[in-house]
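For reference, the structure is listed below as structure tokens.
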Amino acid sequence: DGGITQSPKYLFRKEGQNVTLSCEQNLNHDAMYWYRQDPGQGLRLIYYSQIVNDFQKGDIAEGYSVSREKKESFPLTVTSAQKNPTAFYLCASSILGGEETQYFGPGTRLLVL
Amino acid sequence: AQRVTQPEKLLSVFKGAPVELKCNYSYSGSPELFWYVQYSRQRLQLLLRHISRESIKGFTADLNKGETSFHLKKPFAQEEDSAMYYCALGYGQNFVFGPGTRLSVLP
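Chain order of the listed sequences is Z and D. For the first sequence, this note's numbering gives the first residue as 2, with consecutive numbering after it. For the second sequence, this note's numbering gives the first residue as 3, with consecutive numbering after it.
This is the structure:
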């Protein structure tokens, strides 16, 4: 499995707390993505980044923030403004954007205490 | 807006029966279409993409631009095909997934 990793596997958030999900890839991919997976809704795009120090909002960016300081890393912060954060979060990367095959991490399940 | 629909949430077939997972998309340009699969306790992974025109694990998918469809087919289902299947559309720098279909192949 290697290539793209996510940590932790499970994460618990208290009310009003910001939490950060890690995503690292050693595939030398330029593009990285964050998705949220909810039962019956498939994957919804939160943020994506085509290049270091640049990122764009996806369909459901409200309550989330990202950074892309290094090509290998694309951490996602779930802020206290995200009112329904309980979900499974998937990180992916691809050589280029959009029309290229995406490679997925194992995911992080976020639960609210 | 670009959209991918998969009308069946759950599809159950018997082993050896043909299977077809439906996917329709809405996009006015030239689409890049993919099928991703998620087996139990495994990460989401690419099954096939239309541009490669490959048959992977016996599955094929043909892009029908007139019907804006990209249905996934296999003539004889196997129990190990049981998984969650997602159809996806890539366009420009963006990507959109369908809601997924859970395929259950019964013995």
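The beta carbon of each residue, even a glycine, is placed where N, CA and C say it ideally should be. Given the structure is predicted, the values throughout are model-derived calculations rather than measurements.
Margin query: So within the region 11-45 of chain Z, which uninterrupted beta strand (DSSP E) runs reach at least 3 residues, ignoring any that extend past its ends?
Written below: For the region 11-45 of chain Z, the full-length beta strand (DSSP E) segments reaching 3 residues or more read 11-14, 20-26, 32-39 along the chain.
Next item on the list: Can you grab the Cα-Cα spacing for the pair D2 (chain Z) / Y104 (chain Z), in whole Å?
Entry: On the first sequence, residue 2 (chain Z) is found 1 positions in, with the first residue counted as 1. On the first sequence, residue 104 (chain Z) is found 103 positions in, with the first residue counted as 1. Since pLDDT at D2 (chain Z) reaches only 49, below the 50 mark, its modelled position is unreliable, and the value read off the structure follows with that caveat. Cα-Cα distance, rounded: 11 Å.
Next item on the list: Identify, in the order they occur along the chain, each residue of the same chain with its Cβ nearer than 7 Å to the Cβ of L49 (chain D), setting aside the five sequence neighbours on each side.
Entry: Translated into positions along the second sequence, residue 49 (chain D) becomes position 47. If we look at L49 (chain D) and ignore the five residues flanking it on each side, its Cβ neighbours are W37, Y38, V39, I58, F61.
Next item on the list: Tell me whether P109 (chain D) sits in a helix, a strand or coil according to DSSP, three-state version.
Entry: For the purposes of this step, residue 109 (chain D) is taken as the residue at position 107 of the second sequence. The answer is coil: DSSP assigns P109 (chain D) none of H, G, I, E or B.
Item checked: Below-7 Å beta-carbon distance, L12 (chain Z) vs any chain D residue -> Mapped onto the first sequence, residue 12 (chain Z) falls at position 11. No, its Cβ sits nowhere closer than 7 Å to a Cβ of chain D.
Notebook entry, point to check: Got a sec: is the Cβ-Cβ distance from F61 (chain D) to anything in chain Z below 7 Å?
Noted result: In the second sequence, the residue the question calls residue 61 (chain D) occupies position 59. Taking 7 Å as the threshold, the shortest C-beta distance from F61 (chain D) to chain Z does not fall below it.
Item checked: Burial state of S50 (chain Z) (16 or more Cβ within 10 Å) -> One-based indexing of the first sequence puts residue 50 (chain Z) at position 49. Buried is the call here.
Check: Of the residues Z:N19, Z:P9, Z:Q38, which one's Cα is nearest the Cα of E25 (chain Z)?
Finding: Looking up residue 25 (chain Z) in the first sequence gives position 24. Comparing Cα-Cα distances from E25 (chain Z) to each of Z:N19, Z:P9, Z:Q38, the minimum goes to Z:P9.
Check: Does the distance from the CB of P107 (chain Z) to the CB of Q42 (chain Z) come in under 7 Å?
Finding: The residue given as residue 107 (chain Z) occupies position 106 in the first sequence. The residue given as residue 42 (chain Z) occupies position 41 in the first sequence. Result no, Cβ atoms of P107 (chain Z) and Q42 (chain Z) do not sit closer than 7 Å.
Next item on the list: Identify which residue in D:R43, D:Y41, D:A90 has its Cα closest to the Cα of K24 (chain D).
Entry: As a first step, residue 24 (chain D) must be located in the second sequence, where it is residue number 22. Checking every option, the nearest Cα to that of K24 (chain D) belongs to D:A90.
Next item on the list: Go ahead and pull the three-state DSSP assignment for D2 (chain Z).
Entry: Position 1 of the first sequence, counted from the first residue, corresponds to residue 2 (chain Z). Only weak support exists for where D2 (chain Z) lies, its pLDDT of 49 falling under 50; the value from the coordinates is given anyway. The answer is coil: DSSP assigns D2 (chain Z) none of H, G, I, E or B.
Item checked: Sufficient close CB pairs (3 or more, under 8 Å) joining the region 62-79 of chain D to the region 9-29 of chain D -> Touching, per the Cβ criterion.
Next item on the list: Output, in sequence order along the chain, the residues in the region 34-59 of chain Z whose CB is closer than 9 Å to any CB in chain D.
Entry: Close to chain D, meaning a Cβ-Cβ distance shorter than 9 Å, are the following residues of the region 34-59 of chain Z: Y34, Y36, Q38, G41, Q42, G43, L44, R45, L46, Y49, Q51, Q57, G59.
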